Structures are given as structure tokens and as C-alpha cells.
Amino acid sequence: MPRYSELENKIIRIIQNDGQFVYAGEGYSVLKVGKPRPQGSGECKTDVYILGDSNGFQREFKISVKSRRTNEFQENKVNAERAESFFGENYEDIIERTTRSISSKFREQPLLFASGKHPTKPNSVTMGWKLEIADKPRRLSAPLHLSDQEARDFIYKGINLPDNKRNSVLDGEVIYDSGVAEYMLYAEVDEICTTSDIFDNIQLIDDVEFEPLYLIFTANNYRTVENSTDGARPLAVRVHYNVIRGRLSHSLAFNNPLALTGKDLVPEVRQAFSQLGVLHPSELHLDQIEVPSILLP
Numbered sequence: 089m090p091r092y093s094e095l096e097n098k099i100i101r102i103i104q105n106d107g108q109f110v111y112a113g114e115g116y117s118v119l120k121v122g123k124p125r126p127q128g129s130g131e132c133k134t135d136v137y138i139l140g141d142s143n144g145f146q147r148e149f150k151i152s153v154k155s156r157r158t159n160e161f162q163e164n165k166v167n168a169e170r171a172e173s174f175f176g177e178n179y180e181d182i183i184e185r186t187t188r189s190i191s192s193k194f195r196e197q198p199l200l201f202a203s204g205k206h207p208t209k210p211n212s213v214t215m216g217w218k219l220e221i222a223d224k225p226r227r228l229s230a231p232l233h234l235s236d237q238e239a240r241d242f243i244y245k246g247i248n249l250p251d252n253k254r255n256s257v258l259d260g261e262v263i264y265d266s267g268v269a270e271y272m273l274y275a276e277v278d279e280i281c282t283t284s285d286i287f288d289n290i291q292l293i294d295d296v297e298f299e300p301l302y303l304i305f306t307a308n309n310y311r312t313v314e315n316s317t318d319g320a321r322p323l324a325v326r327v328h329y330n331v332i333r334g335r336l337s338h339s340l341a342f343n344n345p346l347a348l349t350g351k352d353l354v355p356e357v358r359q360a361f362s363q364l365g366v367l368h369p370s371e372l373h374l375d376q377i378e379v380p381s382i383l384l385p
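Okay, here's the thing in C-alpha cells:
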């Protein structure tokens with residue numbers, strides 16, 4: 089597992105202990121260093137904030153710290169707020185256009201798992217697919233259609249962050265724009281021992297050649313026997329179930345992404361199965377009811 093906090097804390101500790109550093113041939117004394125925190129919940133993009141002074145000239149270093157070995161996922165808990173911070177106010181359109189571009193892949197996915205299929209438990213029903221952002225494709229994924237600069241600005245810097253994250257807090261002080269990252273440092277914990285290891289290796293985010301990004305879609309399932317879902321994660325694509333002429337039917341919804349969670353759709357699923365004679369979720373055994381084969385693995 090990534091040791092992000094260990095790496096961040098080590099960087100901060102080294103800079104605090106030395107009290108000075110050299111960047112691009114200029115010597116700086118350290119005025120402030122630490123990890124900025126949003127004014128509320130969540131995370132900002134800056135992992136380490138440094139304010140340095142060089143002969144009366146003050147300069148900020150707002151660094152995003154990444155591990156080269158474990159830096160695949162850029163965001164794995166995308167909700168509407170996070171999506172808007174990445175993509176701006178048109179985030180719904182960006183996500184919907186992306187999901188519709190691979191609609192045939194979604195329509196090919198099995199939705200009902202009578203006997204289970206690792207890691208999906210038996211008697212599970214797919215409610216839809218949640219959203220993640222990564223720099224490697226997956227079985228169900230699509231390229232993120234952003235320009236290189238848009239990817240830098242939205243994903244890595246965070247220029248669309250809301251004010252409570254953009255203007256984060258360090259040592260009880262709200263620092264304007266402190267949550268928007270400016271530099272990138274790729275490193276492992278055992279590689280950072282001196283301030284030179286830090287400042288010789290930071291890069292302006294505008295100069296970094298990043299890997300292409302993908303929107304990754306992973307299933308959110310309703311476990312009927314346990315009457316629970318795979319967390320209250322918002323869905324980028326939803327599955328709506330109903331009964332037509334005594335048989336289970338379904339449709340996919342690509343509009344209004346991230347507006348509903350799998351848990352929100354549970355009553356709809358239960359209503360559909362009640363029409364098939366299943367009155368309580370614990371009684372639902374998918375191998376005992378007639379369902380279209382297209383829904384099965």
C-alpha cells in the first residue's frame with residue numbers, strides 16, 4: 089500500500105530540521121512548512137506547503153507528492169463535488185459523453201450473480217458503476233477527453249477546487265491558493281534524506297509529461313441476502329430494474345451522473361423482485377427465478 093503520509097511527514101520533518109534549502113541555485117530560509125488542510129472535509133491537491141525567503145524575496149512551493157510505484161489511481165472516490173473540482177461546472181456533460189461513448193460495453197456487462205463471481209458475492213445485483221480516475225485502462229474504462237493542459241490544471245493542480253479546499257489552512261492560518269499544487273515530486277520514502285533530495289527533484293506541473301488518463305468504472309452491487317450495497321458511492325451509470333409481462337427487465341441511465349448511489353436504487357430493485365413474488369431480500373435466490381440470460385455472467 090502507498091505510504092503517502094509517511095513520505096509527506098518525512099519531507100516536512102527534513103525541511104523543518106534544516107531550516108533552509110537551495111532551489112535553482114538560490115538559497116532560502118524556511119518561514120513556514122507543513123501539510124495544508126481544507127476548511128472542512130476532503131483533501132486539497134497540495135501535500136506539502138513551503139514558504140521560503142531569499143534575501144527578502146518570499147516564494148511559495150506547493151508540492152504534490154506521488155509514489156512512482158503506486159501512482160496509478162489519481163482519484164478513487166469521485167462524487168459530484170470532486171468531479172466538479174476536476175472538470176468544472178460541466179462535469180456532468182463530460183462524464184455522460186464519456187460513458188455514452190462506451191455504452192455498448194456497459195450493455196455487455198452481466199448484472200445478476202446467482203452463484204457469485206469473484207469478488208462479487210452470490211445473489212448480488214449490479215446497481216450501476218461508480219467512477220474512478222487512473223492513468224492505466226481497465227476492462228471497463230474510457231480515455232478522459234481533456235487536453236494536456238486541462239489535465240494538468242484540473243487533475244494535478246486543482247484549479248477548480250472549491251474555495252474551502254483551494255484556500256486551505258496551515259497552522260491555523262488560511263493561506264490563499266495554498267491547496268492548489270504547483271510542483272510535482274515523484275519519490276519513495278527511502279529516497280528522501282536531505283533537502284537536496286526534495287528540491288533537486290521537484291518539477292513544475294506544467295513541465296511534467298503525464299500518462300494519459302482514463303475514467304474507470306467499477307460495479308456497485310446490491311447483496312440481496314445481506315440487504316446491503318457496496319457502500320454509498322455515487323453512480324456514473326445507473327441500472328433501473330422493472331418487470332415487464334412477468335419477467336425482470338432493465339434499462340441503463342447515463343444522464344445525471346453521480347446524482348444517485350446504489351443504496352438510493354435499492355427500493356426500486358426490491359419493488360421489481362416483489363412483483364416476481366420475492367417479498368423479502370433474504371428470500372431472493374437468483375437461481376430460482378426466471379431472468380433474461382443477457383443479465384447473467
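Each residue of the sequence shown is one higher than the one before, counting from 89 in my numbering.
Glycine residues also receive a C-beta, built at the ideal position from the N, C-alpha and C atoms.
Predicted model only: the values in this text are computed from it and were never measured.
CB contact flag (residue i, residue j, <9 angstroms)
i: Leu228; j: Gln197; result: yes
i: Lys133; j: Lys205; result: no
i: Ile263; j: Asn255; result: yes
i: Val166; j: Leu346; result: yes
i: Val357; j: Glu94; result: no
i: Ser266; j: Leu273; result: no
i: Leu323; j: Leu364; result: no
i: Lys54; j: Tyr271; result: Any question about residue 54 goes unanswered here, given that the chain covers just 89 to 385.
i: Asn105; j: Lys123; result: no
i: Leu301; j: Asp181; result: no
i: Trp217; j: Thr283; result: no
i: Ile103; j: Ile138; result: yes
i: Val327; j: Phe342; result: no
i: Asn309; j: Thr214; result: yes
i: Ile221; j: Leu348; result: no
Three-state secondary structure (DSSP) of residue i
i: Arg326; result: strand
i: Asn97; result: helix
i: Ile183; result: helix
i: Glu172; result: helix
i: Ala341; result: strand
i: Ile382; result: Confidence is the limiting factor: at Ile382 the pLDDT is only 45, short of 50, which leaves the residue's position unreliable and the question unanswerable from this model.
i: Gln197; result: coil
i: Glu177; result: coil
i: Glu270; result: coil
i: Ala275; result: coil
i: Gln127; result: coil
i: Leu374; result: Low local confidence applies: a pLDDT of 48 at Leu374 is under 50, so the model's placement there is unreliable, and no value is given.
i: Lys224; result: coil
i: Arg321; result: coil
i: Ile332; result: strand
i: Ile102; result: helix
i: Gly365; result: coil
According to DSSP, residues forming a beta bridge with residue i
i: Val110; result: Gly115
i: Arg147; result: Gly140
i: Arg311; result: Ser212 and Ser316
i: Ser152; result: Met272
i: Gly122; result: Tyr137
i: Phe242; result: Paired residues: none, contrary to the question.
i: Phe305; result: Leu219
i: Lys205; result: Thr208
i: Leu234; result: BP columns for Leu234 are empty, so no partner.
i: Val262; result: Val257
i: Leu346; result: Paired residue(s): none; Leu346 is not in a bridge.
i: Glu299; result: BP columns for Glu299 are empty, so no partner.
The alpha helix (DSSP H) enclosing residue i, as first and last residue numbers
i: Lys253; result: Asp251 to Arg254
i: Thr282; result: First-last for Thr282: undefined, no H or E at that position.
i: Gln359; result: Gly350 to Ser362
Same chain, Cβ closer than 7 angstroms to residue i, five either side skipped, listed in chain order
i: Asp294; result: Arg240
i: Ser189; result: Ala230
i: Arg170; result: Glu163
i: Thr289; result: The question names Thr, but residue 289 is Asn in the sequence shown. Answer for Asn289: Leu273 and Ala275, listed in chain order.
i: Lys193; result: Leu228
Own chain, CB closer than 8 angstroms to residue i, minus 5 neighbours either side, in chain order
i: Tyr116; result: Gln108, Phe109, Val110, Gly140, Asp141, Ser142 and Arg147
i: Ser191; result: Leu340 and Phe342
N-terminal and C-terminal residue of the beta strand (DSSP E) that residue i is part of
i: Pro231; result: Ser229 to Pro231
Same chain, Cβ closer than 6 angstroms to residue i, five either side skipped, listed in chain order
i: His233; result: none
i: Ala360; result: Tyr329, Asn330 and Val331
i: Pro250; result: none
i: Met89; result: Residue placement at Met89 is flagged as unreliable, the pLDDT there being 38, under the threshold of 50; a coordinate-derived value is accordingly withheld.
i: Asn252; result: Pro126, Gln127 and Gly128
i: Arg226; result: Ile304
Check: residue i C-beta below 8 angstroms from any heavy atom of the ligand ZN
i: Glu299; result: What this structure holds is no ligand at all, so the ligand ZN is not there to describe.
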